[in-house]
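Q: Going letter by letter, the sequence shown gives residues 48 to 258 in the working numbering. Just so you know, even glycine gets a beta-carbon here, dropped at the ideal spot from N, CA and C.
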Amino acid sequence: MFPTGLFESRTQRRILRVLAEGNRQYTIRELAEACHRSPSTVSRALSDADRYPFLDRSTVPGSKQYVYSLDPASEYTSAIREFFAVERRRERHDGTVPVGVWNLLEDVTERLEGTVDGFVEAYLFGPYATGDYYVGGEVDLLVVVDGSVDGAATAAESVLTDLDTDPSVRGHVTGADPSAVGEGPLSPEVTADTPVDPTDRVIPLSGGASS
């Protein structure tokens with residue numbers, strides 16, 4: 048048995064991210080909502096749950112509905128929790144970005160990176176980057192490209208429309224030389240003509256800013 052098999056798909060990784068943070072039992076529907084996947088997709092991803100010693104699957108008393116959690120008795124569980132705790136601290140700024148929104152941003156960023164010509168980096172800014180959000184509030188992204196801003200803006204809008212996200216994501220596209228982006232505060236060259244102030248907290252999402 049190879050336990051890393053449960054890291055094979057994006058859906059499975061996102062399920063583990065939610066289970067590691069929530070420290071409780073989740074229904075298929077709750078996991079689907081947090082992972083931004085359909086219940087049937089999550090159900091398929093967990094179809095072999097009994098093979099993995101760190102997953103606990105049980106039924107709700109009085110029903111046939113399954114609930115899932117990480118098994119606290121498994122040696123693997125502490126390692127899984129630690130991995131996602133580091134991600135939470137480093138990438139999500141100590142959990143400023145909620146786990147469900149982070150799963151959504153992973154989807155959005157992957158699609159933008161594969162669709163938008165000249166994609167350099169996507170940055171989260173605004174309330175979800177600072178922690179001053181309200182549940183369901185709009186998510187703001189700054190998409191930096193090296194090339195045509197008009198073409199990139201059209202492609203980005205198409206991605207966000209196709210994904211039909213909840214909460215909704217608003218993309219702002221700007222052009223800049225790749226050397227102008229980084230992990231720290233953005234330069235005025237990048238933020239000019241955007242809603243982002245150079246002093247605002249921004250969170251890079253794709254890794255392009257650190258390459």
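Apart from the five residues just before and just after Asp95, which ones in its own chain have a Cβ nearer than 6 angstroms to its Cβ?
A: Mapped onto the sequence shown, residue 95 falls at position 48. Excluding positions up to five away in sequence, the list is empty.
Q: Spatial neighbours of Glu185 within its chain, please: CB distance less than 7 angstroms, with the 5 preceding and 5 following residues excluded, ordered by chain position.
A: For the purposes of this step, residue 185 is taken as residue 138 along the sequence shown, with counting starting at 1. Pro214, Ser215 and Arg217, listed in sequence order.
Q: Using 7 angstroms as the threshold, is the C-beta distance between Tyr123 and Phe101 below it?
A: Here the question's residue 123 lines up with position 76 in the sequence shown. Here the question's residue 101 lines up with position 54 in the sequence shown. Yes. Within cutoff.
Q: Apply the 10 Å Cβ neighbour rule to Gln59 and answer buried if 16 or more other Cβ atoms are within range, or exposed otherwise.
A: Start at 1 with the first residue of the sequence shown, and residue 59 comes out as number 12. That one is buried.
Q: Would Phe166 and Val192 qualify as a contact pair, given that the criterion is a beta-carbon distance under 7 angstroms?
A: Counting from one through the sequence shown, the residue named residue 166 turns up at place 119. Counting from one through the sequence shown, the residue named residue 192 turns up at place 145. Closer than 7 angstroms, so yes.
Q: Does Arg98 have its Cβ less than 7 angstroms from a Cβ in chain E?
A: Among the chains in the structure shown there is no chain E, since it carries only a single protein chain.
Q: In whole angstroms, give me the CA-to-CA distance for Phe172 and Lys111.
A: Locating residue 172 in the sequence shown gives position 125, counting from the first residue. Locating residue 111 in the sequence shown gives position 64, counting from the first residue. Cα to Cα, Phe172 sits roughly 42 angstroms from Lys111.
Q: Tell me which same chain residues have a C-beta within less than 6 angstroms of the C-beta of Thr81, skipping the five on either side of it?
A: Locating residue 81 in the sequence shown gives position 34, where the first residue counts as 1. The sequence given here has Ala at residue 81, not Thr. Excluding sequence neighbours, Ala81 sits near Val65 and Gly147.
Q: Spell out the partners DSSP gives Arg98 in its beta bridges.
A: Within the sequence shown, residue 98 is the residue found at index 51, counting from 1. Answer is none; Arg98 lacks a bridge partner.
Q: Name the two residues that bound the continuous alpha helix (DSSP H) containing Ser125.
A: In the sequence shown, counting from the first residue as 1, residue 125 sits at position 78. It spans Glu122 to Arg137 - the alpha helix (DSSP H) in which Ser125 sits, taken as one unbroken run.
Q: Rounded to a whole number of angstroms, what is the C-alpha to C-alpha distance between Ser253 and Pro108?
A: By one-based count along the sequence shown, residue 253 stands at place 206. By one-based count along the sequence shown, residue 108 stands at place 61. For Ser253 and Pro108, the distance between alpha carbons rounds to 42 angstroms.
Q: Provide the residue span of the beta strand (DSSP E) that contains Ser116, from first to last.
A: Mapped onto the sequence shown, residue 116 falls at position 69. Segment Tyr113 to Leu117, the beta strand (DSSP E) holding Ser116.
Q: So, using beta-carbon positions, are Gly315 and Val196 closer together than 7 angstroms?
A: In this structure the chain extends from 48 to 258, so residue 315 is not present and cannot be described.
Q: Could you have a look at Gly254 and say whether DSSP puts it in helix, strand or coil?
A: Looking up residue 254 in the sequence shown gives position 207. Of the three classes helix, strand and coil, the one that applies to Gly254 here is coil, per DSSP.
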